[in-house]
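Visitor: For reference, the structure I am asking about is given below.
In our numbering, the protein residues as written are 26 to 181.
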């Protein structure tokens with residue numbers, strides 16, 4: 026792909042609001058070895074999938090869920106949903122679910138998967154630190170500690 030074509034593709038991705046168009050672009054970019062295009066389209070897909078208002082805590086939580094489910098689906102070759110997280114959100118809500126995962130003794134498998142894929146900004150710990158008004162001090166401290174423990178600079 027020429028540099029000009031790459032620039033055009035990246036500009037189109039920035040404004041695309043059609044999930045299927047992005048999925049097609051991701052598949053094609055991967056087939057052609059265009060990792061930068063595939064990555065940008067994937068991040069954009071995760072940005073537009075949540076139905077919640079962009080910039081809200083709820084949107085950030087669902088963006089994280091879509092990112093992790095997308096990663097699992099791609100790796101396993103079949104649609105994968107977070108079988109414990111989604112039901113807990115349905116029962117207790119996004120805030121309590123995020124808080125409980127942050128305060129767990131050990132990081133979740135999803136935390137490690139996102140870190141390993143350089144998507145630390147999509148962990149629930151990072152979401153909590155972006156929405157500090159939603160959490161108590163000890164939760165925010167735990168979120169920062171967990172991110173710092175894997176080499177991600179996080180502060181309150």
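Glycine residues also receive a C-beta, built at the ideal position from the N, C-alpha and C atoms.
1) With burial defined as no fewer than 16 other Cβ atoms inside 10 Å of the residue's Cβ, what is the status of residue 89: buried or exposed?
2) Can you find at least 3 beta carbon pairs, one from the region 32 to 51 and one from the region 66 to 73, that sit closer than 8 Å?
3) Taking the continuous alpha helix (DSSP H) assigned at residue 105, which residues delimit it?
4) Kindly indicate which residue of 178, 155, 180 and 179 has the alpha-carbon position closest to the one of residue 83.
5) Return the chain-ordered list of same chain residues with a C-beta closer than 6 Å to the C-beta of residue 64, the five sequence neighbours on each side being excluded.
6) Among residues of its own chain, excluding the 5 on either side of residue 26, which ones have a beta-carbon nearer than 8 Å to its beta-carbon?
7) Classify residue 164 as buried or exposed, calling it buried when 16 or more other Cβ atoms lie within 10 Å of its own Cβ.
8) Could you check the C-alpha separation between residue 55 and residue 128 for me, to the nearest Å?
9) Tell me whether residue 169 sits in a helix, a strand or coil according to DSSP, three-state version.
10) Against chain B, does residue 39 count as a neighbour if the rule is that its beta carbon must be under 8 Å from one of theirs?
11) Hey, quick one: how far does the alpha helix (DSSP H) through residue 110 stretch, first residue to last?
12) According to the neighbour-count rule (16 or more other Cβ atoms, all chains shown, within 10 Å of its Cβ), is residue 85 buried or exposed?
Guide: Concretely, from the data shown:
1) buried
2) yes
3) Per DSSP, residue 105 belongs to no alpha helix (DSSP H) and is neither H nor E.
4) 155
5) none
6) 34, 57, 59 and 62
7) buried
8) 37 Å
9) helix
10) Note that chain B does not occur in the displayed structure, where there is just one protein chain.
11) 110 to 117
12) buried
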